[in-house]
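Just so you know, the sequences run in chain order G and E. All letters in the first sequence, in the order written, are residues 1 to 188 by the working numbering. All letters in the second sequence, in the order written, are residues 1001 to 1188 by the working numbering. Written below as structure tokens is the structure these notes are about.
2 protein chains.
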Amino acid sequence: MRADALRNQQALLAAAAEVFVASGVDAPIRRIAEKAGVGTGTIYRHFPTRADLVTAVYRHQIEECAQAGPELLAGSGSPFAALRQWIDLFVDFLVTKHGLADAMQSDSSGFAALHGQFLDRLLPVCGQLLDAAAGAGEIRAGIRPYELMRGIGNLCIGGADPQYDPRRLIGLLLDGLLLDGPRRPRPE
Amino acid sequence: MRADALRNQQALLAAAAEVFVASGVDAPIRRIAEKAGVGTGTIYRHFPTRADLVTAVYRHQIEECAQAGPELLAGSGSPFAALRQWIDLFVDFLVTKHGLADAMQSDSSGFAALHGQFLDRLLPVCGQLLDAAAGAGEIRAGIRPYELMRGIGNLCIGGADPQYDPRRLIGLLLDGLLLDGPRRPRPE
DNA sequence: TACTATCCGGAACATCGTTCCGTTTTGTCA
DNA sequence: TGACAAAACGGAACGATGTTCCGGATAGTA
């Protein structure tokens, strides 16, 4: 594959991820092309259908999200802070995931395969973060990764409603994991 | 309200219902206007947003479907035949209903209200048809209207898949209600 | 019958998906 | 290195669709 083609593909994946989070998976192709600094034709060559693009972003985000786990853990002060940041990435990812289900009305077997890939890759990472935070005495032990990720996934359903901000609720949920109570500015 | 305005509104409701069934609730506005024999501007005056139109069709179909029950019962040879025809209307109605859920991502309280109206109005009609067919000895007794309608509603999920024809399955389900077996042409 | 408020129709504009082709870039081979 | 062919790019152009707008038609009324 030619170097410029690879560059553009990467730029497109990054741009599409941003635009999807900001405007949903129905965002105009032009906007993605513009943000990536390429022409619209380039998008269609790399990703003939919208589902192709969404799927690719999905895969890409699974990988990015999985790799970010250990990095955050190493670079952050406390394991819990790392967990919080990682969950934020995870929510970005869910936006694409939920859009994906729409964009793939057909081919539901392919979707199931992707979902399996998603679980296999991300569950251990989440477990590692939880274990680290529990080991450091920050949060209670015994939280099951699947349960947490599933719950967060469900909280993200219906995120299109401007009256409903999943991230706020997820923040509260994470506060609830803490052993010594939420660290919020004390009133008075 | 002026007479021509009323005429157009009725024509639009009828045309939209047909087009929705044929092409889903995302069908082009122009096509509905054309089928109704009006201009596109007329649609926007009567129904400023697509959700308005879909909602109106929904209400209209609830009423039409409810009124068709007794009429079919009176005009048809057997109560079971009437039930079959009525279920067919009901499935048409569900197409709109499922589309409605998409077209109303916001305002989910309004959707709940409509759903209640739908149950209140249609359950008794279905019950009447079931009772008549059971009374005539055509089908087994004890079928609960809610159960039947709920089941048919669920069978209609995912009707966009060309591989999946809900009506065929619903036909089988109805055959299963019969006391003396399905009336299909005997092989050989 | 004349008049006005209302309504209608569809042209016109804006947006978006998709295709197409002249131009540019890249990798390779002499 | 320098030319060349294959690959990729960009964005203009086209068609389909949503939405607006206003000149003209029409229904109701005095």
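The C-beta atom is built at its ideal place from N, Cα and C for all residues, glycine as well. Since this is a predicted model, take the numbers as computed values, not measurements.
Using CA atoms only, rank isn't needed, just tell me which of 142(G), 97(G), 139(G), 114(G) is closest to residue 157(G). 97(G)
The alpha helix (DSSP H) enclosing residue 1014(E), as first and last residue numbers: 1003–1023
CA nearest to the CA of residue 81(G), picked from 129(G), 59(G), 111(G), 43(G): 129(G)
Within 10 angstroms of the Cβ of residue 1005(E), are there 16 or more other Cβ atoms? Answer buried if so, exposed if not. exposed
For residue 1(G), is the classification buried or exposed, using 16 other Cβ atoms within 10 angstroms of its Cβ as the cut-off for buried? exposed
Is the region 1036–1046 of chain E in contact with the region 1073–1089 of chain E, if contact means three or more CB pairs nearer than 8 Å? no
Every unbroken alpha helix (DSSP H) inside the region 1120–1185 of chain E [4 residues or more]: 1145–1155, 1166–1177
Thinking C-alpha only, which one of 163(G), 180(G), 153(G) is nearest residue 170(G)? 153(G)
Three-pair Cβ contact test at 8 Å for the region 1038–1048 of chain E versus the region 1008–1016 of chain E: yes
Let's test the definition: count the other Cβ atoms within 10 Å of the Cβ of residue 1058(E) and tell me whether it reaches 16, buried, or not, exposed. buried
Are the beta-carbon atoms of residue 118(G) and residue 62(G) separated by less than 8 Å? yes
Output the boundary residues of the alpha helix (DSSP H) element that contains residue 1056(E). 1050–1075
For residue 79(G), count neighbouring Cβ atoms within 10 angstroms of its own Cβ and tell me buried if that reaches 16, exposed if not. buried
Below 8 Å on the Cβ atoms is my guess for residue 179(G) versus residue 138(G); work out the distance and round it to an integer in Å. 6 Å
Only counting the same chain, and skipping five residues up and downstream in sequence, which positions put a Cβ closer than 6 Å to that of residue 32(G)? 15, 16, 19
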